[in-house]
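Engineer: Top to bottom, those sequences are chains A and B.
Counting in our numbering, the final residue of the first sequence is number 846, and the numbers go up one at a time with none missing.
Counting in our numbering, the final residue of the second sequence is number 238, and the numbers go up one at a time with none missing.
The C-beta atom is built at its ideal place from N, Cα and C for all residues, glycine as well.
Please read all numbers here as calculations on a predicted model, not as lab measurements.
Here it is: the structure, laid out below.
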Amino acid sequence: MNGEYGRPALDPARGDAGRRHDEFNRVWGNPRGLRALTIVNHTTVGRNFMLAGGVFFLLGGLMAMLIRTQLALPGQDWLPPDIYNQLFTMHGTVMMFLFAVPVLEGLAMYLIPKMIGARDLVFPRLSAFGFWCYIFGGTILLASLALGIAPDTGWFMYTPLSGAEHTPGPNADFWLIGITFVEISAVSAGVELVVSIMRTRTRGMTLQTMPLFAWYILAMALMIVFGFPPLILGSILLELERAAGLPFFDVARGGDPVLWQHLFWLFGHPEVYIIFLPAAGIVSTLLPVFARRPIVGYRWVVLSVITTAFISFGLWVHHMFTIGIPQLAQAFFSMASMLVAIPTGVQIFSWLATLWTGRPVFHVPMLWITGFLVIFIAGGLTGVMLALVPFNWQVHDTHFVVAHMHYVLVGGMLFPLVAGLYYWLPHFTGRMPSRTLSRWGFWLTFGGFNLTFLVMHLTGLLGMPRRVYTYETGLGWDWPNLVSSVGSFVMAAGVAVVLLDLLIHGLYGRRAGINPWQADTLEWATATPPSPYNFMSLPPVSSRHPLWDDPSLPEAIAEGRYALAVANHGRRETWGSDPVSGRVREVVHLPGNAWWPFVSALVLAVMCIGLLSKQYLFAALAAGVSLVLLLRWSWENGAHPNAAPDARTAEGDPPLHSRTFDGPGLWGMVVTLLADGALYMALLFGWFYLWTVAPQWQLPADSRVDWPLWLLASALMVGGWWLFRRRVQRLRDGEDEGLERALWLIAAIGLVQCVTLVATWHGSVLAPRATSHDAVITVFLLYLLLHCALATVMTTLQALRVRSGYVGRLAPYEPAVVEYWWAYCALVCGVTFAAVVLWPLGWGGV
Amino acid sequence: MAGGGRTVFDVFFRLLLPAGLLCLTGCDGPQSTLQPAGDAARVTAALWWGMFGVSVLVTAGVTLLWLYALRARSETPDAAQQRRAQRWLMMGGGVALPVIAIVVLLGFGIPAGHGMLPWPDDERPPLRIEVTGHQWWWQVHYPEAGVTAVNQLHLPVDRPVDLHVRSADVIHAFWVPRLGGKIDAIPGRTNVLRLRATETGTMRAQCAEFCGLRHAHMTMTVQVLPAPAFDQWLERQP
Numbered sequence: 001m002n003g004e005y006g007r008p009a010l011d012p013a014r015g016d017a018g019r020r021h022d023e024f025n026r027v028w029g030n031p032r033g034l035r036a037l038t039i040v041n042h043t044t045v046g047r048n049f050m051l052a053g054g055v056f057f058l059l060g061g062l063m064a065m066l067i068r069t070q071l072a073l074p075g076q077d078w079l080p081p082d083i084y085n086q087l088f089t090m091h092g093t094v095m096m097f098l099f100a101v102p103v104l105e106g107l108a109m110y111l112i113p114k115m116i117g118a119r120d121l122v123f124p125r126l127s128a129f130g131f132w133c134y135i136f137g138g139t140i141l142l143a144s145l146a147l148g149i150a151p152d153t154g155w156f157m158y159t160p161l162s163g164a165e166h167t168p169g170p171n172a173d174f175w176l177i178g179i180t181f182v183e184i185s186a187v188s189a190g191v192e193l194v195v196s197i198m199r200t201r202t203r204g205m206t207l208q209t210m211p212l213f214a215w216y217i218l219a220m221a222l223m224i225v226f227g228f229p230p231l232i233l234g235s236i237l238l239e240l241e242r243a244a245g246l247p248f249f250d251v252a253r254g255g256d257p258v259l260w261q262h263l264f265w266l267f268g269h270p271e272v273y274i275i276f277l278p279a280a281g282i283v284s285t286l287l288p289v290f291a292r293r294p295i296v297g298y299r300w301v302v303l304s305v306i307t308t309a310f311i312s313f314g315l316w317v318h319h320m321f322t323i324g325i326p327q328l329a330q331a332f333f334s335m336a337s338m339l340v341a342i343p344t345g346v347q348i349f350s351w352l353a354t355l356w357t358g359r360p361v362f363h364v365p366m367l368w369i370t371g372f373l374v375i376f377i378a379g380g381l382t383g384v385m386l387a388l389v390p391f392n393w394q395v396h397d398t399h400f401v402v403a404h405m406h407y408v409l410v411g412g413m414l415f416p417l418v419a420g421l422y423y424w425l426p427h428f429t430g431r432m433p434s435r436t437l438s439r440w441g442f443w444l445t446f447g448g449f450n451l452t453f454l455v456m457h458l459t460g461l462l463g464m465p466r467r468v469y470t471y472e473t474g475l476g477w478d479w480p481n482l483v484s485s486v487g488s489f490v491m492a493a494g495v496a497v498v499l500l501d502l503l504i505h506g507l508y509g510r511r512a513g514i515n516p517w518q519a520d521t522l523e524w525a526t527a528t529p530p531s532p533y534n535f536m537s538l539p540p541v542s543s544r545h546p547l548w549d550d551p552s553l554p555e556a557i558a559e560g561r562y563a564l565a566v567a568n569h570g571r572r573e574t575w576g577s578d579p580v581s582g583r584v585r586e587v588v589h590l591p592g593n594a595w596w597p598f599v600s601a602l603v604l605a606v607m608c609i610g611l612l613s614k615q616y617l618f619a620a621l622a623a624g625v626s627l628v629l630l631l632r633w634s635w636e637n638g639a640h641p642n643a644a645p646d647a648r649t650a651e652g653d654p655p656l657h658s659r660t661f662d663g664p665g666l667w668g669m670v671v672t673l674l675a676d677g678a679l680y681m682a683l684l685f686g687w688f689y690l691w692t693v694a695p696q697w698q699l700p701a702d703s704r705v706d707w708p709l710w711l712l713a714s715a716l717m718v719g720g721w722w723l724f725r726r727r728v729q730r731l732r733d734g735e736d737e738g739l740e741r742a743l744w745l746i747a748a749i750g751l752v753q754c755v756t757l758v759a760t761w762h763g764s765v766l767a768p769r770a771t772s773h774d775a776v777i778t779v780f781l782l783y784l785l786l787h788c789a790l791a792t793v794m795t796t797l798q799a800l801r802v803r804s805g806y807v808g809r810l811a812p813y814e815p816a817v818v819e820y821w822w823a824y825c826a827l828v829c830g831v832t833f834a835a836v837v838l839w840p841l842g843w844g845g846v
Numbered sequence: 001m002a003g004g005g006r007t008v009f010d011v012f013f014r015l016l017l018p019a020g021l022l023c024l025t026g027c028d029g030p031q032s033t034l035q036p037a038g039d040a041a042r043v044t045a046a047l048w049w050g051m052f053g054v055s056v057l058v059t060a061g062v063t064l065l066w067l068y069a070l071r072a073r074s075e076t077p078d079a080a081q082q083r084r085a086q087r088w089l090m091m092g093g094g095v096a097l098p099v100i101a102i103v104v105l106l107g108f109g110i111p112a113g114h115g116m117l118p119w120p121d122d123e124r125p126p127l128r129i130e131v132t133g134h135q136w137w138w139q140v141h142y143p144e145a146g147v148t149a150v151n152q153l154h155l156p157v158d159r160p161v162d163l164h165v166r167s168a169d170v171i172h173a174f175w176v177p178r179l180g181g182k183i184d185a186i187p188g189r190t191n192v193l194r195l196r197a198t199e200t201g202t203m204r205a206q207c208a209e210f211c212g213l214r215h216a217h218m219t220m221t222v223q224v225l226p227a228p229a230f231d232q233w234l235e236r237q238p
């Protein structure tokens with residue numbers, strides 16, 4: 001063992017430590033064989049996310065090489081246009097949805113609990129469920145390419161091209177259904193990361209002492225929570241238009257294709273920062289370690305991360321400068337787009353200042369960070385250029401934008417990611433990278449990348465549009481395209497060398513000791529590779545650099561000197577702490593391995609296949625089965641013996657979270673409702689947008705909403721919520737007398753409300769296939785019905801759980817969670833009533 | 001293996017240098033934004049060269065600072081020096097640099113964009129041309145002369161032209177790179193693009209928004225003629 005790479009690791013198989021390790025492994029251990037499908041541990045799930053993302057990256061890269069081969073020379077058509085269109089659509093889709101986001105989420109899922117001193121993410125089964133949705137959705141999507149019926153209308157899916165008239169085959173359906181399925185994993189990971197970071201930090205880790213990486217991931221996760229729902233809504237609407245004929249984007253029936261663009265870019269622009277922020281978080285984590293000093297301006301960096309996240313939601317229109325929108329709007333979005341350069345500049349110069357005032361050592365990851373810096377600055381500058389409207393009009397939709405985007409995404413995401421992979425390689429595998437092969441990999445990738453994309457700026461300025469499968473000679477585009485194609489193959493060779501290097505060193509590199517890079521963050525206090533439980537005991541933290549303050553911390557943790565060092569109760573435990581101060585509030589007991597996530601995702605995949613093959617009865621059946629599975633999964637929760645076999649905690653420790661009122665589930669519900677609310681807001685936006693902007697908006701002459709019934713339905717929901725709230729209040733006072741009866745009553749109110757909503761639909765005169773007006777109202781009603789039906793089902797389950805003794809005075813946790821759902825339902829019922837019934841009165845319609 | 005990096009570096013530069021030289025002579029083309037033949041394209045090309053110059057300076061400057069900061073050294077600057085360096089870098093580079101750049105850029109950009117808009121002009125009313133995108137061809141209509149053409153656009157030199165752009169099916173984008181920026185052809189809408197050619201000659205237009213199978217072939221010949229020749233051409237049409 002070499003002293004340069006840290007102290008020799010403890011041998012967990014020996015003595016006292018060995019006994020404790022065995023005890024923990026009985027609770028936390030991962031099964032082998034077929035039962036490996038039941039693993040929910042964040043280390044395994046996060047690693048699997050990254051491995052699957054890597055495979056999708058290679059597939060997306062292969063598509064890129066086919067594209068570049070076709071464009072190498074003018075007038076080539078060995079790829080026919082229909083295949084070429086599928087390839088460029090899938091290249092973008094795979095790289096964005098199946099590589100960039102999942103791989104970064106996987107890294108975050110792997111690292112975050114370790115960095116904040118927790119043993120797992122807060123909803124481990126949800127992580128596993130998300131992973132399987134991702135795998136199945138990605139497989140469905142790629143299967144379409146193998147069958148030659150892949151999406152072929154661009155990753156942006158602009159209507160009307162992607163509509164049923166111009167794309168009659170199943171191509172677009174694969175995108176809409178497959179991607180929405182994959183997005184389940186993105187949103188669930190987003191919810192989970194937010195709650196984990198806010199609620200499971202180790203004792204004493206305040207927001208101000210949290211590692212910067214956690215700040216970046218918190219911002220990313222919140223952006224996912226708000227950013228993905230508009231696209232999910234857009235996809236649902238477009239699929240409804242394609243499959244059921246409800247018009248939302250069809251001008252002739254009062255829709256507007258530009259609404260799709262708004263919904264798409266409302267997601268699409270934050271998406272860029274969802275990818276960039278975690279990558280920048282990697283840089284902010286690695287750089288201080290190799291500069292051997294804390295980062296300069298921690299607060300500045302945190303502030304700029306938050307600012308970036310906010311501003312990125314106000315930029316989406318800069319993807320639409322050529323659609324002919326009002327000048328004032330263009331000026332606003334142009335300025336906002338440039339403003340994002342300020343927080344980005346602050347981060348870049350904070351890194352520079354850290355290096356400047358530190359004592360840098362040069363290792364392989366620094367090579368990639370330097371490559372990132374050069375490429376990303378160039379890409380950022382062309383980004384500012386593109387924000388300038390007159391210049392944008394000229395180069396929009398040309399290869400200039402292709403070049404810019406690859407500078408930002410490859411430079412801003414892939415390079416930091418590879419730096420991170422090299423840096424955490426000893427963590428993943430327990431072995432060190434070396435310098436020889438890695439240099440070849442870097443220089444080939446860096447050189448090939450610039451050869452490909454630097455020249456491509458010129459190709460665009462010479463007038464070559466994007467997404468053309470061929471071009472004529474004599475336009476001056478021949479040599480720059482050839483150079484780009486050659487460069488892309490050099491880059492591919494570089495990627496191959498990097499993979500080979502990571503593989504060889506991951507398997508046969510020198511053994512890494514404890515904390516081989518002398519890093520400051522807690523993930524290096526685990527064993528390498530880590531045990532499933534991360535830490536034998538959970539240490540208190542009082543600064544941002546626990547391992548610099550106390551280099552012997554890893555040994556002390558492994559010896560079980562800190563908190564929660566027993567597992568003989570059979571529970572998987574971690575701290576539940578105050579979101580701001582990090583004060584310990586409760587012991588969170590986490591669910592263990594289970595088949596539910598895998599099986600539920602599998603049945604959902606079957607449902608997607610049913611939708612794709614237009615077997616709607618079959619799809620409905622599968623949806624019903626998956627709902628039953630998900631509910632059955634939720635049954636093993638709280639005070640259920642499978643969730644917490646033993647409710648006793650050690651003397652001096654706080655109670656189990658299921659015996660309090662403020663567990664992580666409550667936070668999970670709130671963050672989920674934020675995502676749901678973002679989807680609802682997008683629908684509301686669509687409604688008002690169509691009213692005010694759609695070129696041929698029309699109010700059907702005989703459209704009539706049965707408003708008295710609708711009002712009654714809304715009132716019932718508010719009443720149900722009020723009753724629920726009162727019961728939860730009484731539970732808080734320690735009173736559970738008659739709880740079950742009250743819950744049955746509330747469930748009955750929910751049922752009556754659902755019936756009233758159906759009656760509203762029945763009593764209204766709506767022709768949803770004829771006008772957008774009626775189509776949107778139909779979607780509103782369906783949305784309300786779905787939510788109220790779920791409220792009814794959840795309340796019924798609560799009543800049953802009271803009867804089974806899983807919910808009551810001693811375990812009062814769950815009704816408070818369901819109450820939030822009721823509150824949300826009551827709110828959207830009221831708002832929808834105002835928007836659909838009252839607003840048109842004020843407008844002078846209906 | 002230490003030479004490995006350098007070899008690649010050499011190859012990289014050997015390929016890039018001729019590419020740079022070629023660029024100086026290779027900016028021309030029938031569809032090149034860098035060989036402007038109209039007002040809007042000329043302003044945009046000028047904007048581009050200005051922004052390009054500044055960007056090269058900024059990228060090179062920050063890269064050099066970075067490489068300098070990376071050099072191996074044993075001494076650590078004292079606390080006062082550190083504070084000074086940090087303040088200068090964060091306030092100067094992180095805040096002042098982007099703010100100044102944005103202000104300057106908008107100072108040039110907003111008037112430039114303003115000048116390209118189709119403002120009403122009573123003294124010299126622009127020629128009205130209606131362009132409709134179809135999968136995958138362009139229909140060009142001159143309403144005053146009652147003339148319709150397919151995949152060819154004739155324009156008078158030195159006279160402002162308002163192109164009323166529509167679509168008959170999916171979204172297309174009308175774009176003559178040598179004359180000016182592009183505008184989308186969207187079903188249900190009419191977008192107006194003001195262009196003024198300042199040089200006669202033949203150039204090329206191409207659909208810029210992906211529109212399906214034969215998007216790559218949706219091109220159009222653009223002929224800029226002297227005013228009398230343009231009028232003659234209009235009269236010759238059936």
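(1) By Cβ distance below 7 Å, which residues in the same chain neighbour VAL836/A in space, the five residues on each side in sequence not counted?
(2) Could you confirm whether any beta carbon from chain A is found closer than 8 Å to the beta carbon of LEU220/B?
(3) Would you kindly check if the distance between the Cβ of GLY576/A and the Cβ of GLU586/A is under 8 Å?
(4) How many angstroms separate the CA atom of LEU47/B from the CA atom of VAL483/A?
(5) Among the residues of its own chain, which have a CB less than 8 Å from the CB of PHE362/A, if the five just before and after it don't count?
(6) Going along the chain, which residues of the stretch 100 to 115 of chain B sit with their C-beta nearer than 9 Å to a C-beta in chain A?
(7) For HIS42/A, which residues from the same chain have a beta carbon less than 7 Å from its beta carbon, with the 5 sequence-adjacent residues on both sides left out?
(8) Could you tell me whether the stretch 509 to 527 of chain A touches the stretch 86 to 104 of chain A, using the rule of 3 or more Cβ pairs below 8 Å?
(9) Give the interface partners of ALA353/A over in chain B, defined as CB-CB distance under 8 Å, in chain order.
(10) At a Cβ threshold of 8 Å, is GLY75/A touching chain D?
(11) Give the straight-line distance between the Cα atoms of GLY29/A and PRO532/A, rounded to the nearest whole angstrom.
(12) Whole angstroms is fine: what's the gap from ARG20/A's alpha carbon to THR44/A's?
(13) Could you give the DSSP three-state label for GLY668/A: helix, strand or coil?
(14) Quick one, which of ARG725/A, VAL182/A and LEU454/A has its alpha-carbon nearest ALA742/A's?
(15) Between SER350/A and chain B, is any beta-carbon pair separated by less than 8 Å?
(16) In angstroms, rounded to a whole number, what distance separates the CA positions of LEU629/A and ALA353/A?
(17) Using a Cβ-Cβ distance cut-off of 8 Å, determine whether PHE362/A contacts chain B.
(18) LEU70/B CB to nearest chain A CB: under 8 Å?
(19) State yes or no: is the beta carbon of TRP300/A nearer than 8 Å to at least one beta carbon in chain B?
(20) Would you mind stating whether PHE226/A and ALA767/A have Cβ atoms separated by less than 8 Å?
(21) So with Cβ pairs under 8 Å, would you call ALA341/A a contact of chain B?
(22) Assuming the contact rule is C-beta atoms closer than 8 Å, LEU231/A and LEU240/A should be a hit. Round their C-beta distance to whole Å, please.
(23) Roughly how many angstroms lie between the CA atoms of MET1/B and SER434/A, to the nearest whole one?
(24) Can you grab the Cα-Cα spacing for the pair ALA601/A / ILE609/A, in whole Å?
Structural biologist: Let's see:
(1) Here residue 836/A corresponds to residue number 836 of the first sequence, with the count starting at 1. Here the set comprises VAL705, ILE777 and PHE780.
(2) As a first step, residue 220/B is located in the second sequence; it is residue number 220 there, counting from the start. Here residue 220/B is Met; the residue named in the question, Leu, does not match the sequence. Proximity of MET220/B to chain A, defined by a Cβ-Cβ separation below 8 Å, is not satisfied.
(3) Locating residue 586/A in the first sequence gives position 586, where the first residue counts as 1. Locating residue 576/A in the first sequence gives position 576, where the first residue counts as 1. In this structure, GLU586/A lies near GLY576/A, with their beta-carbon atoms less than 8 Å apart.
(4) Looking up residue 47/B in the second sequence gives position 47. Looking up residue 483/A in the first sequence gives position 483. Their backbone Cα atoms lie some 26 Å apart in a straight line.
(5) To locate residue 362/A, count along the first sequence from 1; it is residue 362. Cβ neighbours of PHE362/A within its own chain (closer than 8 Å, five residues either side excluded): PHE290.
(6) ALA101, ILE102, LEU105, LEU106, PHE108, GLY109, ILE110, ALA112, GLY113, HIS114 and GLY115: these are the residues of the stretch 100 to 115 of chain B whose beta carbon lies less than 9 Å from some beta carbon of chain A, given in chain order.
(7) On the first sequence, residue 42/A is found 42 positions in, with the first residue counted as 1. Beyond the five residues adjoining it in sequence on each side, HIS42/A comes within less than 7 Å, by CB distance, of MET109, TYR110, PRO113, ASP120, LEU121, PRO124 and SER127 in the same chain, given in chain order.
(8) Counting Cβ pairs under 8 Å, fewer than three are found: no touch.
(9) By 1-based counting over the first sequence, the position of residue 353/A is 353. Among the residues of chain B, those whose CB is under 8 Å from the CB of ALA353/A are ALA85, GLN86, LEU89 and MET90, following chain order.
(10) Judged by its chain identifiers, the structure shown contains no chain D, and its protein chains are A and B.
(11) Residue numbering aside, residue 29/A sits at position 29 when the first sequence is read from its first letter. Residue numbering aside, residue 532/A sits at position 532 when the first sequence is read from its first letter. The alpha-carbon separation between GLY29/A and PRO532/A amounts to approximately 6 Å.
(12) Within the first sequence, residue 20/A is the residue found at index 20, counting from 1. Within the first sequence, residue 44/A is the residue found at index 44, counting from 1. Roughly 21 Å between the two C-alpha positions.
(13) Numbered from 1 along the first sequence, position 668 holds the residue referred to as residue 668/A. Helix.
(14) Working through the first sequence from its first residue, we reach residue 742/A at position 742. Proximity to ALA742/A across ARG725/A, VAL182/A and LEU454/A peaks at ARG725/A, based on C-alpha coordinates.
(15) Indexing the first sequence from 1 puts residue 350/A at position 350. Yes, SER350/A counts as interfacial toward chain B.
(16) The sequence position of residue 629/A within the first sequence is 629, counting from 1. The sequence position of residue 353/A within the first sequence is 353, counting from 1. Rounded to whole angstroms, LEU629/A to ALA353/A spans 53 Å at the Cα level.
(17) To locate residue 362/A, count along the first sequence from 1; it is residue 362. Residue contact check for PHE362/A against chain B: a CB pair falls below 8 Å.
(18) Taking the first residue of the second sequence as 1, we reach residue 70/B at position 70. Taking Cβ atoms only, chain A reaches closer than 8 Å to LEU70/B, which makes this a yes.
(19) Counting from one through the first sequence, the residue named residue 300/A turns up at place 300. Taking 8 Å as the CB threshold, TRP300/A lines the interface with chain B.
(20) One-based indexing of the first sequence puts residue 226/A at position 226. One-based indexing of the first sequence puts residue 767/A at position 767. In this structure, ALA767/A does not lie closer than 8 Å to PHE226/A by Cβ.
(21) Within the first sequence, numbered from 1, the residue matching residue 341/A stands at position 341. Chain B contact via Cβ: present.
(22) On the first sequence, residue 231/A is found 231 positions in, with the first residue counted as 1. On the first sequence, residue 240/A is found 240 positions in, with the first residue counted as 1. The Cβ separation is near 15 Å, so there is no contact.
(23) Walking along the second sequence from the start, residue 1/B turns up at place 1. Walking along the first sequence from the start, residue 434/A turns up at place 434. Caution is warranted here: a pLDDT of 32 is assigned to MET1/B, below 50, making its placement in the model unreliable, and the coordinate value is therefore given only provisionally. If I take the Cα positions, the gap works out to 12 Å.
(24) Against the first sequence, residue 601/A aligns to sequence position 601. Against the first sequence, residue 609/A aligns to sequence position 609. Spanning the two alpha carbons is a distance of roughly 12 Å.
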